[in-house]
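Chemist: Those sequence lines, one after another, are chains C and D. Residue numbers for the first sequence follow UniProt numbering, so the first one is 1 and each next one is one higher. Residue numbers for the second sequence follow UniProt numbering, so the first one is 1 and each next one is one higher. Note that beta-carbon positions come from the ideal geometry of N, C-alpha and C, so glycine has one too. Given the structure is predicted, the values throughout are model-derived calculations rather than measurements.
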Amino acid sequence: MLRFKDVSVVYEDGEEPALDSLSLSVEKGEFVCVLGRSGAGKSTFIRTINGLQPLTAGNVNVLGYDVRLLAEKKLRALRSEVGMIFQHFHLIPRMSVRQNVYTGRFGQKPPWKNFLGIYTAEERKLADYYMEEVGLLPYAERRVERLSGGQKQRVGIARAMVQDPSILLGDEPVASLDPTTSDHIFQLLRQLHEERNLTTVINVHDVGLAKKYASRIIGLKNGRLVYDGSPIDMSENDLAEIYE
Amino acid sequence: MVWFRKRIFIYAGIIAVLLVLSARGSEFSLIGLFQLGNTWEMLSNRFWPPRWDLVPYLLQQSLITLSIAFFGTFTALLIALPLSFMAAENTSRSVGSFYMVRSLLSLFRSVPEIVFGLIFVVSLGLGPFAALLAIFLHNASVLGKLIAELVESSDKGPQEAMSSVGAGRRTGQLFAILPQIWPNVLSQYFYRFEVAIRTSLVLGMIGGGGLGQSLMNYYNSLAYESMATAIIIIMVLVIIVDVSGGIVRKRVI
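1) Would Ile92 of chain C pass as an interface residue toward chain D - the criterion being a Cβ-Cβ separation below 7 Å?
2) So with CB distances below 8 Å, who are the chain C contacts of Glu160 of chain D?
3) Bridge partners for Phe31 of chain C per DSSP, in chain order?
4) Closer than 8 Å by beta-carbon distance: list the chain C residues that pair up with Ser163 of chain D, in chain order.
5) Helix, strand or coil, according to DSSP, for Ser23 of chain C in the structure here?
6) Have a look at C:Ile49, C:Leu91, C:Met95 and flag the residue whose alpha-carbon is nearest the alpha-carbon of Glu81 of chain C.
7) Interface residues of chain C around Thr171 of chain D at Cβ under 8 Å?
8) By the criterion of Cβ-Cβ separation under 8 Å, what are the contact partners of Thr200 of chain C in chain D?
9) Which partner residues does Ala57 of chain C have in the DSSP bridge list?
10) Which residues in chain D sit within 8 Å of residue 274 of chain C, going by Cβ to Cβ distance?
11) If you follow the alpha helix (DSSP H) that Val226 of chain C is in, where does it begin and where does it stop?
12) Can you find a C-beta in chain D that's less than 7 Å from the C-beta of Gln163 of chain C?
13) In whole angstroms, give me the CA-to-CA distance for Ala148 of chain D and Ile185 of chain C.
14) From Leu209 of chain C to Asp183 of chain C, what does the alpha carbon distance come to, in whole angstroms?
15) Is there a Cβ from chain D that is less than 7 Å from the Cβ of Met1 of chain C?
16) Contact criterion: CB-CB distance below 7 Å. Does Met131 of chain C meet it with respect to chain D?
17) Under 7 Å between C-beta atoms, does Pro179 of chain D make it to chain C?
18) Work out the CA separation of Ser84 of chain D and Leu178 of chain D for me, nearest whole Å.
19) What are the uninterrupted segments assigned as alpha helix (DSSP H) that are 4 or more residues long and contained completely in the region 126–206 of chain D, given in chain order?
20) Please report whether the beta-carbon of Met95 of chain C lies at a distance below 7 Å from any beta-carbon of chain D.
21) Give the single residue among D:Val151, D:Ile197, D:Asp53 whose Cα lies nearest to the Cα of Pro82 of chain D.
22) For the region 35–118 of chain C, which segments carrying the alpha helix (DSSP H) assignment without a break, of at least 4 residues, lie completely within its bounds, in sequence order?
23) Measure the C-alpha to C-alpha separation of Tyr213 of chain C and Arg190 of chain C and round it to an integer number of angstroms.
24) Is there a Cβ of chain C sitting closer than 7 Å to that of Gly157 of chain D, yes or no?
25) For residue 309 of chain D, which option in D:Ile14, D:Leu203, D:Ile240 has the closest C-alpha, if you only look at C-alpha atoms?
26) Suppose contacts are defined by Cβ-Cβ distances below 7 Å. Is Gln87 of chain C in contact with Glu172 of chain C by that definition?
27) Spatial neighbours of Thr200 of chain C within its chain, please: C-beta separation below 6 Å, excluding the five flanking residues on both sides.
28) On the CB-based measure, 16 or more other CB atoms within 10 Å of its CB, does Lys221 of chain C come out buried or exposed?
29) Going by DSSP, what residues sit across from Ile231 of chain D in a beta bridge?
30) My output table needs one value for Leu43 of chain D: the three-state DSSP class, helix, strand or coil.
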């Protein structure tokens, strides 16, 4: 499903590579949590999957496509199959929950239909379904600025899910939330992961959450893979290796 | 003196020299200030009482002034919105188009409305249309520049989210940026509309019609009481636009 081969990313202003010759695979149905210190390359890793971050070397193969070789139109088509949620939610301000969720369909419709807000009955049903799933259907017409942090992240999740993706990415989705809300969000992500048979890759700082919900943990340090295994097998030494 | 660095005194010195030079250039005189009392005397003797019988006619003229200002600035806004996305560094398609649109906006912005008005009055003839075009051209370029700056300072997060769902470039930019900057766009628009009302008065004085033209006619025929009525109507008009702009801004924000 996801193949990384000798992937390196060096930022223009960076001396050290953000990712350094990273090679790994993620199979369909895995729930992967990526651990690492700030600056370890976790966000860069996630962003290379949907092409938001260009590569310096190597290649990333997603759903059979080499992301690096895709032209703009095909890259957009690929992105529409990969849902993504963000630490700061990145919702569109001044728009309602429903309108924000509908934007998740933007990659699958011609621009004029997006512009005029024309959605099929099936799409509307899908949006309602996911708003219900994340517990926000009663707030569908509320502007997103009026929601709490946890509710905003739920909108982000509904927006990603309404894409009907086969891969779900999370770039520190609970870093701005309190521990209880973080746990609820992870429960929800795990539940959606099971229901939709997704492949999920999420960056997280909280080792407890990763151990509780992930089927596999990847540890990054200075852009290199330092741990790759199951949460059960993860020892204190492994954690020390990632975070020291 | 911990708050003041040496260079602040140098800047203060430069500003003081510039102030003295400007005062000389503008023939500023303190004695002249004491003669302001004469102005008040002139106003109370010649401008009072206003000619209230002219109010219906001047209201008609103010509708022309309002039409010039509204049509000119609103169509300018419609043109400025797409132009601003082309003139913003983060949304323009290429460096070439960015510099081209920015330069065009700067070029048109550098020409005051009165100059455009003088040109159009000669080429198109007297009347509101010349004033309308002058206001449209200047405001399209001013709003284009101001909105481009808002586009550049918008939060990149929603744009990234739109890219991640696979939205097209323009769709993503439109939906991610416009809702963010909309209150400020409206704010800028109402300010420009207010300015345009005052400008259309000036343009009226050179033959652009409306209240400005009536004001100039009264001035030329020394009909100061009539002028007073026109000035009162202008003041009321500007206050109404300012207040209604504030109400709309409040509702939108």
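Modeler: So, from the listed chains and residues:
1) Look at Ile92 of chain C: its C-beta is under 7 Å from a C-beta on chain D.
2) Within chain C, the C-beta atoms nearer than 8 Å to that of Glu160 of chain D come from Leu52, Phe86, His90, in chain order.
3) Its beta-bridge partners are C:Thr200.
4) Going along chain C in sequence order, the residues near Ser163 of chain D (Cβ under 8 Å) are Leu52, Arg79.
5) Correct three-state label for Ser23 of chain C: strand.
6) Selected option, being the one with the closest Cα: C:Ile49.
7) Near Thr171 of chain D (Cβ distances below 8 Å), the residues of chain C are Phe106, Pro111, Asn114, Phe115.
8) Within 8 Å of the CB of Thr200 of chain C, no CB atom of chain D is found; the nearest one sits about 15 Å away.
9) Looking at the DSSP assignment, Ala57 of chain C forms a beta bridge with C:Ser8.
10) Limits of chain C in this structure are 1 at one end and 244 at the other, which puts residue 274 of chain C out of reach.
11) Per DSSP, Val226 of chain C belongs to no alpha helix (DSSP H); it is in the beta strand (DSSP E), 224–229.
12) Output row for Gln163 of chain C: interface = yes.
13) Their Cα atoms are separated by approximately 38 Å.
14) Between Leu209 of chain C and Asp183 of chain C, the C-alpha separation is close to 7 Å.
15) Among the residues facing chain D, Met1 of chain C is not included, as its CB has no counterpart in that chain under 7 Å away.
16) Taking Cβ atoms only, chain D never reaches closer than 7 Å to Met131 of chain C, which makes this a no.
17) In terms of beta-carbon proximity, Pro179 of chain D lines the interface with chain C, with at least one pair separated by less than 7 Å.
18) Distance between the alpha carbons of Leu178 of chain D and Ser84 of chain D: 11 Å.
19) Within the region 126–206 of chain D, the complete alpha helix (DSSP H) runs of at least 4 residues fall at 128–152, 157–164, 169–203.
20) Yes, its Cβ sits closer than 7 Å to a Cβ of chain D.
21) When each option's Cα is compared against that of Pro82 of chain D, the closest is D:Val151.
22) Here the runs fully enclosed are 42–49, 72–79, 97–102, 111–116.
23) In this structure, the straight-line span from the alpha carbon of Tyr213 of chain C to that of Arg190 of chain C is close to 7 Å.
24) Chain C has a Cβ within less than 7 Å of the Cβ of Gly157 of chain D.
25) Lying outside 1 to 253, the shown extent of chain D, residue 309 of chain D is not represented and no answer is given.
26) Yes.
27) Cβ-Cβ distances below 6 Å link Thr200 of chain C to Phe31, Leu168, His193 in the same chain, with the five nearest sequence neighbours on each side left out; the list follows chain order.
28) Buried, because 16 or more other Cβ atoms sit within 10 Å of the Cβ of Lys221 of chain C.
29) In DSSP, Ile231 of chain D forms no bridge with anything.
30) Leu43 of chain D: helix per DSSP, three-state reduction.
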